[in-house]
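Student: Quick one: the structure is below, questions incoming.
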Amino acid sequence: MERIQIAENLSFSRIIHGLWRLEDWKYSSKETLELIEYCLSEGITTFDHADIYGSYLCEEKFGEALSLKPSLRDKIELVTKCGIVLPSKQRPQHTSHYYNTSYEHILLSAHNSLKALKTDYIDLLLIHRPDPFMNPEEVAEAFSTLHHEGKVRHFGVSNFKDHQFRMLESYLDFPLVTNQLELSPSNLENFLDGTLNLCQEKRIPPMAWSPLGGGSIFTEQDEKSLRLHATLKKVGEGLGIAEIDKVIYSWLLAHPARIMPIVGSGKKERIHNAVDALNYSISTEQWFEILQSSMGHEVP
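If you're matching positions, the sequence shown starts at 14 in our numbering and goes up one per residue.
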């Protein structure tokens, strides 16, 4: 498995496994451990979480599985996010949905994640969404405290536009190491609005959430989805790939920004398809064929 250098002392597997649906899969701790070990056997060592996933239950379920074989902690990288507040039975003190990136909330969220994941440190902590009420001085102070205490090794953001990224980083004593973005053939916004360009400017590899567009290309019957499905199938035939998801992953992996797709599936065949996509190379012409199919018109 190819590895991507995130920071001087941290690298991620090029394919990342996402656990936001772990609670929905209803796996036992043993079954979750088997899934972790399967990912490791495929070369995937990086696992993506957020405190809110599964109504604040997914991190705990992952931690319970990890506790069955604690030696695996040294073989994996843990990513988690904070900043979104949701009403939940697990958080009775939350009465509404809002964003909270205060010093106190970031520290509390990180401590809760450490406890749930049953680990002494988090490899990468992200602010989950841009907060219009953010005090960047408080975020910087929280990051510095967690780093000084050895509880978080590195920091980044998720869903930040270029101006939001620059603003927050200007308050920090160290660089943000990634931006987790929605990137897929069916959602081109971050490809076209300068967000991905900033990652390249900063030399930071982005993480891609919902790389398959939430499955819309496979299930929706609108004109765009049908057009993309046909184009992906055609490109796949040219590459000798029968599975459309492999073509999509290959399209993302081909981009020079060093995109790291997050595979949010608990099915081994889906995970394998993402890993196997590393064995194929899409040409520039094929890459633009998929881009233009999504746009619905040729580039100027």
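By construction, the Cβ of each residue, glycine as well, lies at the ideal position given by its N, Cα and C atoms.
Determine the contact status of L120 and A155, defining contact as a CB-CB distance below 7 Å.
Tutor: Taking the first residue of the sequence shown as 1, we reach residue 120 at position 107. Taking the first residue of the sequence shown as 1, we reach residue 155 at position 142. Contact flag set, yes.
Student: At which residues does the beta strand (DSSP E) containing M273 begin and terminate?
Tutor: Residue numbering aside, residue 273 sits at position 260 when the sequence shown is read from its first letter. Per DSSP, M273 belongs to the beta strand (DSSP E) from M273 to V276.
Student: Is it buried or exposed for T232, if we count other Cβ within 10 angstroms and need 16 for buried?
Tutor: For the purposes of this step, residue 232 is identified with residue 219 of the sequence shown, where counting begins at 1. Answer is exposed; the Cβ neighbour count stays below 16.
Student: For the structure I just gave you, are there three or more beta carbon pairs, one from the stretch 271-291 and one from the stretch 221-241, closer than 8 Å?
Tutor: A contact exists between the stretch 271-291 and the stretch 221-241.
Student: In whole angstroms, give me the CA-to-CA distance for L11 and E50.
Tutor: The question about residue 11 has no answer here: the residues shown for the chain are numbered 14 through 313.
Student: Taking only the alpha-carbon atoms, compute the straight-line gap between R179 and K43 and give it to the nearest angstrom.
Tutor: As a working mapping, residue 179 is identified with position 166 in the sequence shown. As a working mapping, residue 43 is identified with position 30 in the sequence shown. The straight-line gap from Cα to Cα measures roughly 43 Å.
Student: What first and last residue would you give for the alpha helix (DSSP H) that runs through S126?
Tutor: Position 113 of the sequence shown, counted from the first residue, corresponds to residue 126. Residues Y116 to L130.
Student: Ends of the beta strand (DSSP E) at R142?
Tutor: Within the sequence shown, numbered from 1, the residue matching residue 142 stands at position 129. It is not in any beta strand (DSSP E) - R142 carries neither H nor E in the DSSP assignment.
Student: Do you know offhand how far S122's Cα is from E214's?
Tutor: The residue given as residue 122 occupies position 109 in the sequence shown. The residue given as residue 214 occupies position 201 in the sequence shown. Approximately 30 Å between the Cα atoms of the pair.
Student: Taking H167 and D136 to be in contact with their CB atoms under 8 Å, please state how far apart those CB atoms are, rounded to whole angstroms.
Tutor: For the purposes of this step, residue 167 is identified with residue 154 of the sequence shown, where counting begins at 1. For the purposes of this step, residue 136 is identified with residue 123 of the sequence shown, where counting begins at 1. Confirmed, about 7 Å.
Student: CA-CA distance, L252 and W264?
Tutor: Mapped onto the sequence shown, residue 252 falls at position 239. Mapped onto the sequence shown, residue 264 falls at position 251. Rounded to whole angstroms, L252 to W264 spans 12 Å at the Cα level.
Student: Write down the C-beta distance between L32 and K82 rounded to the nearest angstrom, noting that I regard them as a contact closer than 8 Å.
Tutor: Numbered from 1 along the sequence shown, position 19 holds the residue referred to as residue 32. Numbered from 1 along the sequence shown, position 69 holds the residue referred to as residue 82. Rounded, the Cβ-Cβ distance is 17 Å, inconsistent with contact.
Student: Taking the continuous alpha helix (DSSP H) assigned at W300, which residues delimit it?
Tutor: Along the sequence shown, read from residue 1 onward, the residue named residue 300 stands at position 287. That run of the alpha helix (DSSP H) goes T297 to M308.
Student: Do you know offhand how far C212's Cα is from Q193's?
Tutor: Position 199 of the sequence shown holds residue 212. Position 180 of the sequence shown holds residue 193. Approximately 10 Å, taken between the alpha carbons.
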